[in-house]
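Using our numbering, the first residue of the sequence shown is number 13, and each one after it goes up by one. We put the CB at the ideal spot given by N, CA and C, even for glycine. Structure first, then comments.
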Amino acid sequence: MAREAWAYREVAVESFRDPRSGRVAIRPVSGQAYATSLRVHCSRLLSDPERYPVGTRFLISAKLTDRQGGERYLYAWHGDPVAVMSKAALKRFLEERRRLRI
Numbered sequence: 013m014a015r016e017a018w019a020y021r022e023v024a025v026e027s028f029r030d031p032r033s034g035r036v037a038i039r040p041v042s043g044q045a046y047a048t049s050l051r052v053h054c055s056r057l058l059s060d061p062e063r064y065p066v067g068t069r070f071l072i073s074a075k076l077t078d079r080q081g082g083e084r085y086l087y088a089w090h091g092d093p094v095a096v097m098s099k100a101a102l103k104r105f106l107e108e109r110r111r112l113r114i
């Protein structure tokens, strides 16, 4: 199945420690079109605390999807490039793309 490049958007995400499971997970950064409660499926490397400390922010290419009518989530293909964002880069990104939540 071909990947539809038009469906993917740049999304700023961050790693955080999930209080329920204690594991490091990825969520959208606040201030974008996506709620911070939305799950993100992406490369496991982003949630590896030995590689990136908890709280690291990334710029990924993701699409909003659901699996056969289930709960919606953001999906990022594991082979796409990922950029670590500085605080200044994140601020610029959010100012350029400020939208209502989905």
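Specify, as a first and last residue, the run of the alpha helix (DSSP H) that residue i falls within.
i: Ala101; result: Lys99 to Glu108
Looking at the structure shown, is residue i part of a helix, part of a strand, or coil, going by DSSP?
i: Ala95; result: strand
i: Arg79; result: coil
i: Ala88; result: coil
i: Arg56; result: helix
Which partner residues does residue i have in the DSSP bridge list?
i: Tyr46; result: Answer is none; Tyr46 lacks a bridge partner.
i: Ser27; result: Ile38
i: Arg69; result: Glu26
How should residue i be labelled, buried or exposed, when 16 other C-beta atoms within 10 angstroms of its C-beta is the threshold for buried?
i: Gln44; result: buried
i: Pro61; result: exposed
i: Ala74; result: buried
Do residue j and residue i come within 7 Å of each other at the CB atom, strictly closer than that value?
i: Arg35; j: Thr48; result: no
Would you give the residue range spanned by the beta strand (DSSP E) that residue i belongs to?
i: Arg32; result: That residue, Arg32, is in no beta strand (DSSP E); it is neither H nor E in DSSP.
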